[in-house]
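Asks: The structure follows.
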Amino acid sequence: MASIAAPADLSPAARRHRFAQRGLRSALLGVAIGLLLTIAIGSGLVSNLVQSICISMACWLTIDLLRVPLARWHHRNAAPGTPEALSQWPGWPLMVVAIVVGTVIGFSTGNALANLLLDRSAPGYYRGNWRQMVALLLGSLVPGTLVTYWFYSRETIAAKEAAIQTALRQAAEHRLKLIESQLEPHMLFNTLATLRVLIGTDPARAQAMLDQLIAFLRATLAGSRAAQHPLRDEFARLGDYLALMQLRMGARLQTRFELPEALAALPVPPLLLQPLVENSIKHGLEPAVAGGRIEVSAARDGGTLLLRVRDTGVGLSDSVASANGFGVTQVRERLAALHGAQASLTLAAADDTEGGTLATVRLPIGATETETSAR
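So, in structure tokens, the structure goes:
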């Protein structure tokens, strides 16, 4: 009545938990056997329960204790720290040895304990007839083998499920890295395209914009490789970016930031809001002759962090492409990979007389407070 080929969690706490589970299930098996014996042969319920529980628990414990040293010997050549070296499953050939030896020792020990508890002297395996002894041994081996296989199957399935979850998590992490590698060139190419135009039309502004770009990249690139950074840093990078854009748009671009101090230290993914700000400029303010204002704000709604990017541009109805553009798609994919259904991005028309578009990002605050790294 042993367990597992390759445990899903190799930590000592997880192993103790599974050990206790196997012990409880072995005790329940003893109860079931005791009830069946009482129904089949009509003897005393209490004595049948005590004997079957003692034998079941002794067999399970003996097999489980034999399994560990056999597994260590079987994996003696595995590299330290690998799943094979830490595995507590010796393979079926050695496990059969553990089941046979453990059943003989467990039955004898359990029977002796039951005799002690019940103040009686019931015979063990040998009852004066070797055929009876063989039949009794086989009768003990069958449930021991079946229960061992059941334990092995359950924990092998759990290990495979854990491996699948690990693979999915790693795939999500690689996808996030790919998305972030796409975000930075996207912003950079847009800025360089603007610089190319200004070099021919307004060299002075082009020089100022190039200086601002260098300062922006110096401040951004180091922090953008981290999985999380404080919300205040996200706002600071947006301020740098919008200062860069103001060199291009002049008085047509105004900005406003609202970041409560209580939320400033909350960790968020870097460059999360920048694609939305770029989206507001490209699809909201640039098509408007007079330009407009971009507002970036943060607020708390219970256990949710609300991050809003609002522009006073032409409005969502006049810029349908913005709803499915590069920036919006990338933000949604990052949120889905990091937080699943707990996070979201919505685009809606601003509900006041100034018009424009409002993008709202929702993040679980519990996750952002406890995550030190998403990768």
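For any residue, its number in this note's numbering is found by taking its place in the sequence shown, counting from 1, and adding 32. A virtual CB, placed ideally from N, CA and C, is assigned to each residue, including glycine. Predicted model only: the values in this text are computed from it and were never measured.
(1) Measuring CB to CB, does L395 end up less than 8 angstroms from T344?
(2) State yes or no: is the C-beta of L270 within less than 8 angstroms of the C-beta of V363?
(3) In whole angstroms, what separates the C-alpha of E401 from that of A111?
(4) Please say whether L367 and R332 have beta carbons closer to each other than 8 angstroms?
(5) Distance, Cα to Cα, R186 vs L150?
(6) Strictly by DSSP, which residues pair up with P299?
(7) So for V328, helix, strand or coil by DSSP?
(8) In terms of alpha-carbon separation, which member of Q306, V300 and R152 lies closest to A391?
(9) If you compare alpha carbons, which of A59, R104 and A103 is closest to V82?
(10) Take the Cβ of L276 as the centre, count every other Cβ of all protein chains shown within 10 Å, and call the residue buried at 16 or more, exposed below.
(11) Taking S88 as the reference, which of E293, R57, Q260 and L102 has the closest Cα?
(12) Do V346 and S312 have their C-beta atoms closer together than 8 angstroms?
(13) E310 and G359: beta carbons closer than 8 angstroms?
(14) Whose C-alpha, out of A154, G176 and L168, is nearest the C-alpha of A130?
(15) I need the straight-line Cα distance from A320 to E293, nearest angstrom please.
(16) How long is the line joining the alpha carbons of D265 and T188, rounded to whole angstroms?
(17) Whole angstroms is fine: what's the gap from L249's alpha carbon to L242's?
(18) From this set, R108, L298 and H106, which residue's C-alpha is nearest L338's C-alpha?
(19) Run through the DSSP bridge pairs and tell me what Q286 is partnered with.
(20) Could you tell me which residues DSSP puts in a beta bridge with A381?
(21) Have a look at L98, P122, F51 and V100 and flag the residue whose alpha-carbon is nearest the alpha-carbon of H106.
(22) Roughly how many angstroms separate the alpha carbons of G387 and A380, rounded to a whole number?
(23) Output the distance between the C-alpha atoms of T385 and S329, rounded to the nearest integer angstrom.
(24) Return the CA-CA distance between L317 and H49, expressed in angstroms with no decimal places.
(25) Cα separation between A64 and T141?
(26) Rounded C-beta distance between C91 and G55? I'm assuming under 8 angstroms.
(27) Near T287, which residues of its chain fall below 6 angstroms by C-beta distance, leaving aside the five closest residues on each side in sequence?
(28) Could you pull the DSSP bridge partners for P44 from this structure?
(29) Over the uninterrupted alpha helix (DSSP H) stretch that includes L145, give me the two end residues.
(30) DSSP puts R364 in a beta bridge; with which residues?
(31) With T94 as the anchor, note down where its alpha helix (DSSP H) starts and where it stops.
Replies: On the basis of the data shown:
(1) Counting from one through the sequence shown, the residue named residue 395 turns up at place 363. Counting from one through the sequence shown, the residue named residue 344 turns up at place 312. No; because the gap between Cβ atoms is not below 8 angstroms, this pair is not in contact.
(2) Residue mapping note: residue 270 aligns to position 238 of the sequence shown, counting from 1. Residue mapping note: residue 363 aligns to position 331 of the sequence shown, counting from 1. No. Outside cutoff.
(3) Working through the sequence shown from its first residue, we reach residue 401 at position 369. Working through the sequence shown from its first residue, we reach residue 111 at position 79. The pLDDT assigned to E401 is 47, lower than 50, so where the model puts this residue is not dependable; a value taken from the coordinates is nonetheless given after this. So the alpha carbons of these two residues sit roughly 37 angstroms apart.
(4) Within the sequence shown, numbered from 1, the residue matching residue 332 stands at position 300. Within the sequence shown, numbered from 1, the residue matching residue 367 stands at position 335. No, they are not a contact pair.
(5) Start at 1 with the first residue of the sequence shown, and residue 186 comes out as number 154. Start at 1 with the first residue of the sequence shown, and residue 150 comes out as number 118. Their Cα atoms are separated by approximately 35 angstroms.
(6) By one-based count along the sequence shown, residue 299 stands at place 267. Answer by DSSP bridge pairing, in chain order: P262.
(7) Here residue 328 is taken as the residue at index 296 of the sequence shown, counted from 1. Note: V328 maps to strand in three-state DSSP.
(8) The count along the sequence shown starts at 1 and reaches residue 391 at position 359. Of the candidates Q306, V300 and R152, the one whose C-alpha sits nearest the C-alpha of A391 is Q306.
(9) Numbered from 1 along the sequence shown, position 50 holds the residue referred to as residue 82. Of the listed residues, the one whose Cα sits closest to V82 is A59.
(10) Position 244 of the sequence shown, counting from 1, holds the residue named residue 276. Buried is the call here.
(11) As a working mapping, residue 88 is identified with position 56 in the sequence shown. Ranking the options by Cα distance to S88, first place goes to R57.
(12) If you number the sequence shown from 1, residue 346 lands on position 314. If you number the sequence shown from 1, residue 312 lands on position 280. Result no, Cβ atoms of V346 and S312 do not sit closer than 8 angstroms.
(13) Residue mapping note: residue 310 aligns to position 278 of the sequence shown, counting from 1. Residue mapping note: residue 359 aligns to position 327 of the sequence shown, counting from 1. It is a contact, given that the beta carbons lie within the stated cut-off.
(14) Counted from its first residue, the sequence shown places residue 130 at position 98. Nearest option by C-alpha distance: G176.
(15) Translated into the one-based positions of the sequence shown, residue 320 becomes position 288. Translated into the one-based positions of the sequence shown, residue 293 becomes position 261. The straight-line gap from Cα to Cα measures roughly 33 angstroms.
(16) Counting from 1 along the sequence shown, the entry for residue 265 is found at position 233. Counting from 1 along the sequence shown, the entry for residue 188 is found at position 156. In a straight line, the C-alpha of D265 is about 45 angstroms away from that of T188.
(17) Working through the sequence shown from its first residue, we reach residue 249 at position 217. Working through the sequence shown from its first residue, we reach residue 242 at position 210. Spanning the two alpha carbons is a distance of roughly 10 angstroms.
(18) Translated into the one-based positions of the sequence shown, residue 338 becomes position 306. For the residues R108, L298 and H106, the minimum Cα distance to L338 belongs to L298.
(19) Translated into positions along the sequence shown, residue 286 becomes position 254. The partner list for Q286 (beta bridge, DSSP) reads R325.
(20) In the sequence shown, the residue the question calls residue 381 occupies position 349. The partner list for A381 (beta bridge, DSSP) reads T389.
(21) As a working note, residue 106 is residue 74 in the sequence shown. Answer by Cα proximity: P122.
(22) Within the sequence shown, residue 387 is the residue found at index 355, counting from 1. Within the sequence shown, residue 380 is the residue found at index 348, counting from 1. Taking the straight line from one Cα to the other gives about 11 angstroms.
(23) In the sequence shown, the residue the question calls residue 385 occupies position 353. In the sequence shown, the residue the question calls residue 329 occupies position 297. So the two alpha carbons sit approximately 19 angstroms from each other.
(24) Position 285 of the sequence shown, counted from the first residue, corresponds to residue 317. Position 17 of the sequence shown, counted from the first residue, corresponds to residue 49. Cα-Cα distance, rounded: 59 angstroms.
(25) Translated into positions along the sequence shown, residue 64 becomes position 32. Translated into positions along the sequence shown, residue 141 becomes position 109. The alpha-carbon atoms of A64 and T141 are separated by roughly 20 angstroms.
(26) Stepping through the sequence shown from its first residue, residue 91 is reached at position 59. Stepping through the sequence shown from its first residue, residue 55 is reached at position 23. With 8 angstroms as the limit, C91 and G55 do not qualify as a contact, their Cβ atoms being about 12 angstroms apart.
(27) As a first step, residue 287 must be located in the sequence shown, where it is residue number 255. Taken in chain order, the residues that qualify are L274 and I326.
(28) For the purposes of this step, residue 44 is taken as the residue at position 12 of the sequence shown. Looking at the DSSP assignment, P44 forms no beta bridge with any residue, so it has no partner.
(29) Locating residue 145 in the sequence shown gives position 113, where the first residue counts as 1. Start and end: W124 to L150.
(30) The residue given as residue 364 occupies position 332 in the sequence shown. The partner list for R364 (beta bridge, DSSP) is empty, contrary to what the question assumes.
(31) Reading the sequence shown from its first residue, position 62 is the one you call residue 94. Where T94 is concerned, the enclosing alpha helix (DSSP H) stretches over L77 to H106.
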